[in-house]
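First the structure, in the form of structure tokens, and then the observations on it.
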Amino acid sequence: MTGSVEHLLEVDQSGHAERARVIEAIRKLKADQTRSADTHLHAMRIPAFPGIDLYLKDESTHPTGSLKHRLARSLFLYGLCSGLISEGTHVVEASSGSTAVSEAFFAHLLGLPFTAVMAKSTSPSKIALIEREGGKCVLVDDPADVYSVARALADETGGHYLDQFTYAERATDWRGNNNIAESIFEQLGMERFPSPEWVVVGAGTGGTSATIGRYVRFRGLTTRLCVVDPENSAFLAAFRDPGCGETTCGSRIEGIGRPRAEPSFLPDVVDRLVRVPDAASVATAHFLRARTGQLAGPSTGTALYAATKLACDLHAAGQEGSIVTLLCDDGVRYLDTYFSDSRVAEQGWDLDPYLSVLATARDDGVWTG
Ligand SMILES: Cc1ncc(COP(=O)(O)O)c(C=O)c1O
């Protein structure tokens, strides 16, 4: 007999106590989801378009008031299941506000310290909501610095940077698992046009558009995806020329539009991108409130303005069908900003021309914008 047997080198880092704590944290997240109801899909009645049904998926009714509730839950689950978050982990995020509000809720649920890094222009009411959940806020002068400051803070404290802008597109299971796309399509199941012509959404991380774009392909649907983009956002340039690397000074519509094309924005699953003037976004939020009593944030205005134009286009072409867009967050958060006449005037936004475009579209079915 020749040679010798080399012993196996075994490096065991398993810890039963640690695994048990992660399992318990995941149970708490699942229990919270099990206690929660789904969000409504409101049908908007527009007499001028008898052949077109417009729907608003009302994401403002999540416990933390925005569609970011879904993302925050997914990011915590992703961090826990990937071994990146455990007991006592300091969780850090870069945010324009809404995601951090939702993440502060989940960090509190799990008993984890949480810090949000945000631009100093973030609405005071969002800061108050984060602090109410026990989160801390670090405010930076330049919105473009939020990423590096958040990463550095996580590194310095041995924490975990959730990094919604990178992980949104993969933390959510786009095949289903009660994601926003599956929820919308199930709720449309009994409608006269269950497979919409268009789904219209904004992009913050780009995660929602990535989920919907992938889901419609996976389900074999012909529904097209329209992303709306506010002024001074980098998504438009990235859609025209992926990889162009253009950066901008950043959007004035909270929640959507970014100074750089975020890694979670997947232009290949988007059919059309529409740039919407900021005054039109704000005017549409005012219009929605005046006509329906529904108080929604300005990014809902961005999406609804473009969705109304698409409805007019279908109507003008003699087509029938449905269009879905999102009511992304609760307008109560913006009473002192986008719904304040003095703040609107300070920004130089003239809402009247857009209010008149919307009134003509709604009452006569004609787009004059
Ligand atoms: C109109 C609208 N659509 C979509 C989103 C989705 O954001 P994200 O791209 O981060 O999924 C937002 C975020 O606030 C929004 O306001």
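Numbering-wise, the working numbering comes out as the position in the sequence shown, counting from 1, plus 38. Glycine residues also receive a C-beta, built at the ideal position from the N, C-alpha and C atoms.
(request) Could you check if C175 is buried or exposed, using at least 16 other CB atoms within 10 Å of its CB as the buried criterion? (result) buried
(message) For A275 and L342, what's the separation of their Cα atoms in angstroms?
(response) 22 Å
(request) Please check the pair L122 and I361, which I expect to be a contact at CB under 8 Å, by giving their CB distance rounded to whole angstroms. (result) The pair is not a contact, with the Cβ atoms about 38 Å apart (cut-off 8 Å).
(message) What I want to know is whether the C-beta of I294 ends up closer than 7 Å to one or more non-hydrogen atoms of ligand 1.
(response) yes
(message) Would the region 205–212 count as touching the region 176–190 if we require 3 or more Cβ pairs under 8 Å?
(response) no
(message) Using only CA atoms, which one of T243, G242, M228 and S247 lies nearest to W236?
(response) S247
(message) Less than 7 Å separating the Cβ of T340 from some heavy atom of ligand 1?
(response) yes
(request) With hydrogens ignored, establish whether the beta-carbon of C37 is closer than 7 Å to any heavy atom of ligand 1. (result) Look at the range of the chain in this structure, 39 to 407, and you will see that residue 37 is not part of it.
(message) Restricting to runs no shorter than 3 residues, where is the beta strand (DSSP E) found entirely within the region 262–294?
(response) 262–268
(message) Just checking S136 against ligand 1 - is the residue's beta carbon closer than 7 Å to any of the ligand's heavy atoms?
(response) yes
(message) Residues in the same chain with beta-carbon distance under 6 Å from V139, minus the five sequence neighbours each way, listed in chain order, please.
(response) T102, K164, L167 and I168
(request) Ignoring anything shorter than 3 residues or poking outside the region 204–245, list the beta strand (DSSP E) runs there in chain order. (result) 236–240
(message) If you reduce the DSSP assignment to three classes, tell me which class D374 lands in.
(response) coil
(message) Looking at ligand 3, does it come within less than 7 Å of C282, judged from the CB to the closest heavy atom?
(response) Judged by which ligands are present, ligand 3 is missing from the structure shown, whose ligands are ligand 1.
(message) From the DSSP secondary-structure annotation, give me the bridge partner or partners of S135.
(response) Note that residue 135 is Gly in the sequence shown here, rather than Ser. Looking at the DSSP assignment, G135 forms no beta bridge with any residue, so it has no partner.
(message) Do R296 and S271 have their beta-carbon atoms positioned less than 8 Å apart in this structure?
(response) yes
(request) Please indicate yes or no: does the CB of V239 lie closer than 7 Å to some heavy atom of ligand 1? (result) yes
(message) Along the chain, where does the beta strand (DSSP E) containing I90 start, and where does it finish?
(response) I90 to D96
(request) Just the C-alpha distance for G135 and D351, rounded to the nearest angstrom, thanks. (result) 34 Å
(message) Using the three-state DSSP reduction, which class does G172 fall into: helix, strand or coil?
(response) coil
(request) Give, in chain order, every unbroken run of the alpha helix (DSSP H) that is at least 4 residues long and sits entirely within the region 53–77. (result) 54–73
(request) With a threshold of 16 other CB atoms inside 10 Å of the CB of K347, please say whether the residue is buried or exposed. (result) buried
(request) Could you tell me if D367 is buried or exposed, where buried requires 16 or more neighbouring beta carbons within 10 angstroms of its beta carbon? (result) buried
(request) Evaluate contact between the region 385–398 and the region 303–323, counting only Cβ atoms and requiring at least three cross-stretch pairs below 8 Å. (result) yes
(request) Out of P305, D201 and G369, point me to the one whose CA is closest to R328's CA. (result) The sequence as given places Ala at residue 328; Arg does not occur at that position. Taking only the C-alpha atoms, the option nearest A328 is G369.
(message) Please state the DSSP three-state secondary structure of G359.
(response) strand
(request) Could you work out which residue in A241, V307, T261 and T249 is closest to G288 when comparing CA atoms only? (result) A241
(request) Please report the residue range of the beta strand (DSSP E) in which V312 lies. (result) R310 to V314
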